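Visitor:
Okay, here's the thing in structure tokens:
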């Protein structure tokens, strides 16, 4: 096995447990073909998916599986193999060792746990829908819950839940530990032997019901570990005790009851032969029943013999007593005859005599019947004796087989020992297994005999009994065999240990899955309620809307006209949509939402405003649900997972990654990606300057500040920085006031940078870059972000005192416009418009000043990865998009106006990026650099002036 | 010559002509150039107006008795290192407002430098105004009105103390400039063919320090 899994240390900044490595994926194809492919698997806590890639460097994944609702299982017998059950799909993976498997299982579980915890917290914090009437949403919720409570159907649900749990765990439930199984079987067996009549409860049911009670809660016992496995001997002994004791008990019970009844027969004065006859009948049925009981018992032939002889003697006694009764009757008869002789010959007497006669004949008949019954009983007796003989024979055979087995065992032990001495270990183990098989087939012979003589119940019981018995015999044989062979028993113990850990794992798994299901259920309930709320809201709105429509449609009908104030009220109400609430004044990044509605009296204006707003919301939602968007997110997820776990620090350069970054980074991942890219640029510098460099720079700034001892130039810079702090990103809540959240950080970053790069010091515009960085990164990373921008991404001299680099780039841009947009260039030239009047700040601030943040942040993504060239691409794209508008302008003034509003023509990043990255090609970096070099030299020669 | 620059959209027979003028704002960083323009153009004021990078371009139209004047306003960046870009913006401007902060003596000195530079390098007929901004915080004043006024008179500048915050004198200073601008007779020149070539050419040779 070539799988080499490396467990990377958890990425520090994310505090996640991440794992990655090569695993084999085993797939069973339709025709039963099994394929085994090696992939690079990566997992980290930030995403609930397990991704696999062709190789460790890959950005695009081959596949992924959701872990949020997955169940994991493994069979300890299969080394390193485990299964992920998710969405009715089973993924079988194999790693090189059990230890690695444990690592993977742990990582998988923790990832799953994290994922549902985050979804839970997300759903907890999800926005409450306030009703239109301004009622508190919680009050509405209460209203919903109190009059028509929707209690979850308690009783059927848990069952489903167990099913759900076991569905995914079907295999795990089945293999729910062989120790578990055998134990339950033995328990069951005891039950069966004691109460043969009762149908046994199926094993599967008891094992599924075991963990959850009907209320869906865990049974108390379910969290405990099952009793540890007893030694095979003790189980065998217990088994034997049970199997032998139970029939014994039954016999004893029958015997005593029978004896009691016999005593009754004897002690009772013989009132009438009929009574005793009935008793005999009873007895015979009793004996039949007893025979049944007796025949159900197989392992006690001796007892049976005693039993049967007892019975025979008792029957003889019965016959004796019957004879005595007959004698008594005859004596009676004689006495009566005497009376007849003595007495007068009257009618009465004759009748009496006749009666007596009839009684006598009846007695005769019953007597003969009894005699026949006695014969029957004797026949039965004989048969029983035959059975006894059979049983004795089988006992003999059994003993014989036991003896042979013992001999065999002994012989094998000796052989084993000898072979051990010879040293052919592998051959021996082979022998052992074949021998063991032979023994198993030997054992089956007496079973066959037993089955032949037993009744049906008995047969089943025997089979049930024999199954574990055989198993334990097997184990026993191995034990005996291995008394001198530590290796094999070690293997067995390993297996037992494996089962034990598997059991532990599966228990934990079930508990966790259960928790997940519960949280999902609560979430579902919550969502249903929210849904109700929304629906109510919707109908409220609809009714109002209809009301307004009616108002305008039929102004003549008095009933349909609203009161004058109502319309205004409705308008005010509609302004109070949930999205307008306090927290939504800014977006997630803290930028104030622009679309503040200026209250207008014109109803149509209001209507169109809301229509646009509704359209925007619908559009945004649609976009978020579109397949493309999901795909985009997934590709990022796939890249980040592998990058996080494989390269905890930094990012590598690859064309695939370039393409991916050009699509923009999802806001949720931006911080991580930016940090990685920045690290990629400055890691050499960081290594050179050492840890704590930023802090030392800060300290420098701090101490100087207290001394008040900076020289004039630096003081000047500090003043400028302080002046600009609150003037940075004024549209963002985090920066708009001198005491806003991020101002202090911004100050620190800019101060530190001033000391880090005294050549640049502070240039207006850097505050923008630092502030943008602080939206996603912490102070220190923002500092390095600034370093990366100024010293790595932008060409030299961009922010220095003469801005020579930026000025030179304006000339480069002019050349590029002439090349790529000749019409525009000609038009601008003819009107004597200087493009750099506008474009300079595009380059200095990376479009922060001109474009909306949703777009410039995406430009930053590409800029960070590819550098300054991207700015040219976007500048040209911007110009290309507004080219038609500029061409329409016939005066310098209108062109200026058009260019100053160039951003108004940009609707979204995608169309801009399409132009920037596709329509501008070819776009050689080298040409730009050559041109820049030329212009920089020119500017230097001419003393730098435009 | 500057009079020719007014490219009015001539309305034959009507007393009202539209003339376009290029106006540039100069001054030290954070004296309130952008705030003045924002107040004048949009009537807004932001306590923390974003610092300007390069320059910002805005337009505003004012009506005089006999003409409509359209200002094309270039609001420049104040930081010293953007200074070298300034000629690009004031080149061909017919009007300039040099702004200083009355609470900041240094900014006044800087304003004087700007005036000098304009006198030396901008169009000779440029209409210049000096604005002492932040008049709303006159209690922190470090530049006396008289001092500035005297300087303005010496250099033939329009002078007003303004406050973008309270909008004091903001419109007035622009109106004063508008009135001072030469509104020539409609010449049928197409709008926009502003005669800027001459000063530009002049400057190309002279703007380098």
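Protein chains in written order, with my numbering: chain A, 118 to 1063; chain B, 831 to 1039. Here a beta-carbon is modelled for each residue, glycine too, at the ideal position from N, C-alpha and C. Quantities reported herein were computed from a predicted structural model and do not represent experimental measurements.
(1) The alpha helix (DSSP H) with residue 918 of chain B in it runs from where to where?
(2) Closer than 9 angstroms by beta-carbon distance: list the chain A residues that pair up with residue 791 of chain B, in chain order.
(3) In or out: residue 150 of chain A buried (at least 16 other Cβ within 10 Å) or exposed?
(4) CA-CA distance, residue 887 of chain B and residue 967 of chain B?
(5) Which residues bound the alpha helix (DSSP H) around residue 983 of chain A?
(6) Looking at chain A, is there any beta carbon in it that lies within less than 8 angstroms of the beta carbon of residue 930 of chain B?
(7) Touching or not, the region 974-992 of chain A and the region 873-886 of chain B, by the rule of three or more beta carbon pairs under 8 angstroms?
(8) Less than 8 angstroms between the C-beta atoms of residue 929 of chain B and residue 958 of chain B, yes or no?
(9) Per DSSP, which residues does residue 469 of chain A bridge with? Please list them.
(10) With DSSP as the reference, label residue 902 of chain A as helix, strand or coil.
(11) Note the first and the last residue of the continuous beta strand (DSSP E) segment covering residue 893 of chain B.
(12) Counting C-beta neighbours from all protein chains within 10 Å, is the total for residue 435 of chain A 16 or more, i.e. buried, or is it exposed?
(13) Could you spell out the range, first to last residue, of the alpha helix (DSSP H) harbouring residue 879 of chain A?
(14) Can you check DSSP and say which residues form a bridge with residue 206 of chain A?
(15) With 16 other CB atoms within 10 Å as the buried threshold, where does residue 534 of chain A fall?
(16) According to the Cβ coordinates, are residue 660 of chain A and residue 176 of chain A closer than 8 angstroms?
(17) Please name the residue, chosen from A/187, A/169, A/236, that lies closest to residue 639 of chain A on a Cα-to-Cα basis.
(18) Kindly list the residues whose CB is nearer than 8 angstroms to the CB of residue 750 of chain A, restricted to its own chain and excluding five residues on each side of it in sequence; keep chain order.
(19) For residue 843 of chain B, count neighbouring C-beta atoms within 10 Å of its own C-beta (all shown protein chains included) and say buried if the count is 16 or more, exposed if not.
(20) Take the Cβ of residue 437 of chain A as the centre, count every other Cβ of all protein chains shown within 10 Å, and call the residue buried at 16 or more, exposed below.
(21) Compute the Euclidean distance between the alpha carbons of residue 949 of chain A and residue 1015 of chain A, then round it to the nearest angstrom.
(22) With 16 other CB atoms within 10 Å as the buried threshold, where does residue 146 of chain A fall?
(23) Three-state secondary structure (DSSP) at residue 172 of chain A?
(24) From the DSSP output, which residues share a beta bridge with residue 156 of chain A?
(25) Determine the DSSP secondary structure at residue 211 of chain A, reduced to helix, strand or coil.
(26) Going along the region 911-924 of chain B in order, which residues come within less than 8 angstroms of chain A, judged by CB to CB distance?
(27) Just curious, the beta strand (DSSP E) that residue 953 of chain A is in, first and last residue?
(28) For residue 882 of chain B, which residues from the same chain have a beta carbon less than 8 angstroms from its beta carbon, with the 5 sequence-adjacent residues on both sides left out?
(29) Candidates A/859, A/791, A/872, A/839: which alpha carbon is nearest residue 906 of chain A's?
(30) Name the chain A residues that come within less than 7 angstroms of residue 933 of chain B, Cβ to Cβ?
(31) Return the chain-ordered list of same chain residues with a C-beta closer than 6 angstroms to the C-beta of residue 198 of chain A, the five sequence neighbours on each side being excluded.
(32) Hey, residue 849 of chain A and residue 708 of chain A: beta-carbon distance below 8 angstroms or not?
(33) Quick one: which chain B residues come within Cβ less than 8 angstroms of residue 844 of chain A?
(34) Hey, is residue 889 of chain B's beta-carbon within less than 8 angstroms of any beta-carbon in chain A?
(35) Less than 7 angstroms between the CB of residue 154 of chain A and some heavy atom of the ligand SAM, yes or no?
(36) What residues from chain B crowd round residue 881 of chain A, counting only those whose CB sits closer than 9 angstroms?
Guide: According to the structure shown:
(1) For the purposes of this step, residue 918 of chain B is taken as residue 88 along the second chain, with counting starting at 1. Run containing residue 918 of chain B: 916-920, per the alpha helix (DSSP H) assignment.
(2) Residue 791 of chain B is absent from the structure shown; chain B starts at 831 and stops at 1039.
(3) Working through the first chain from its first residue, we reach residue 150 of chain A at position 33. Exposed, since its Cβ has fewer than 16 Cβ neighbours within 10 Å.
(4) Position 57 of the second chain, counted from the start, is the residue given in the question as residue 887 of chain B. Position 137 of the second chain, counted from the start, is the residue given in the question as residue 967 of chain B. Each residue's alpha carbon lies about 28 angstroms from the other.
(5) Stepping through the first chain from its first residue, residue 983 of chain A is reached at position 866. Counting along the chain, the alpha helix (DSSP H) containing residue 983 of chain A begins and ends at 970-983.
(6) Translated into positions along the second chain, residue 930 of chain B becomes position 100. Output row for residue 930 of chain B: interface = no.
(7) no
(8) Working through the second chain from its first residue, we reach residue 929 of chain B at position 99. Working through the second chain from its first residue, we reach residue 958 of chain B at position 128. Cβ atoms of residue 929 of chain B and residue 958 of chain B: not closer than 8 angstroms.
(9) Locating residue 469 of chain A in the first chain gives position 352, where the first residue counts as 1. Residue 469 of chain A pairs with nothing; no bridge assigned.
(10) Residue 902 of chain A sits at position 785 when you count from the first residue of the first chain. Of the three classes helix, strand and coil, the one that applies to residue 902 of chain A here is helix, per DSSP.
(11) In the second chain, residue 893 of chain B corresponds to position 63, counting from 1. Its beta strand (DSSP E) spans residues 885-893.
(12) Mapped onto the first chain, residue 435 of chain A falls at position 318. Buried, by the Cβ-count rule.
(13) Looking up residue 879 of chain A in the first chain gives position 762. Element bounds for residue 879 of chain A: n/a, residue is neither H nor E.
(14) On the first chain, residue 206 of chain A is found 89 positions in, with the first residue counted as 1. DSSP output for residue 206 of chain A lists A/203 as bridge partner(s).
(15) On the first chain, position 417 is the one that residue 534 of chain A refers to. Its Cβ having fewer than 16 others within 10 Å, residue 534 of chain A is exposed.
(16) Here the question's residue 660 of chain A lines up with position 543 in the first chain. Here the question's residue 176 of chain A lines up with position 59 in the first chain. No, these two residues do not count as a Cβ contact at 8 angstroms.
(17) Here residue 639 of chain A corresponds to residue number 522 of the first chain, with the count starting at 1. Selected option, being the one with the closest Cα: A/236.
(18) Within the first chain, the letter at position 633 stands for residue 750 of chain A. Result list for residue 750 of chain A: 783, in chain order.
(19) Translated into the one-based positions of the second chain, residue 843 of chain B becomes position 13. Because residue 843 of chain B sits at a pLDDT of 43, beneath the cut-off of 50, its placement in the model cannot be relied upon, and the following sentence gives the value as read from the coordinates. Under this definition residue 843 of chain B is an exposed residue.
(20) As a first step, residue 437 of chain A must be located in the first chain, where it is residue number 320. Residue 437 of chain A is exposed by the Cβ-count criterion.
(21) Numbered from 1 along the first chain, position 832 holds the residue referred to as residue 949 of chain A. Numbered from 1 along the first chain, position 898 holds the residue referred to as residue 1015 of chain A. Taking the straight line joining both Cα atoms gives about 15 angstroms.
(22) Translated into the one-based positions of the first chain, residue 146 of chain A becomes position 29. Its Cβ having fewer than 16 others within 10 Å, residue 146 of chain A is exposed.
(23) Position 55 of the first chain, counting from 1, holds the residue named residue 172 of chain A. In this structure, residue 172 of chain A counts as coil in the three-state DSSP scheme.
(24) Looking up residue 156 of chain A in the first chain gives position 39. Note: residue 156 of chain A sits in a beta bridge opposite A/140.
(25) In the first chain, the residue the question calls residue 211 of chain A occupies position 94. Note: residue 211 of chain A maps to strand in three-state DSSP.
(26) 911, 912, 914, 915, 917, 918, 919
(27) Here residue 953 of chain A corresponds to residue number 836 of the first chain, with the count starting at 1. Here residue 953 of chain A belongs to no beta strand (DSSP E); instead the alpha helix (DSSP H) covers 953-961.
(28) In the second chain, counting from the first residue as 1, residue 882 of chain B sits at position 52. Once the five neighbours on either side are set aside, the close Cβ partners of residue 882 of chain B are 863, 864, 905, 906, 907, 908.
(29) Translated into positions along the first chain, residue 906 of chain A becomes position 789. Nearest option by C-alpha distance: A/791.
(30) Taking the first residue of the second chain as 1, we reach residue 933 of chain B at position 103. Those within 7 angstroms of residue 933 of chain B in chain A number zero; the least Cβ separation is about 12 angstroms.
(31) Residue mapping note: residue 198 of chain A aligns to position 81 of the first chain, counting from 1. 211, listed in sequence order.
(32) On the first chain, residue 849 of chain A is found 732 positions in, with the first residue counted as 1. On the first chain, residue 708 of chain A is found 591 positions in, with the first residue counted as 1. Yes.
(33) The residue given as residue 844 of chain A occupies position 727 in the first chain. Those are 860, 878, 879, 880, 881, listed as they occur along chain B.
(34) On the second chain, residue 889 of chain B is found 59 positions in, with the first residue counted as 1. By this cut-off, residue 889 of chain B is an interface position.
(35) As presented, the structure is devoid of all ligands, the ligand SAM included, so that no description of it is given.
(36) Start at 1 with the first residue of the first chain, and residue 881 of chain A comes out as number 764. Near residue 881 of chain A (Cβ distances below 9 angstroms), the residues of chain B are 859, 881, 882, 883, 907, 908, 909, 911, 912.
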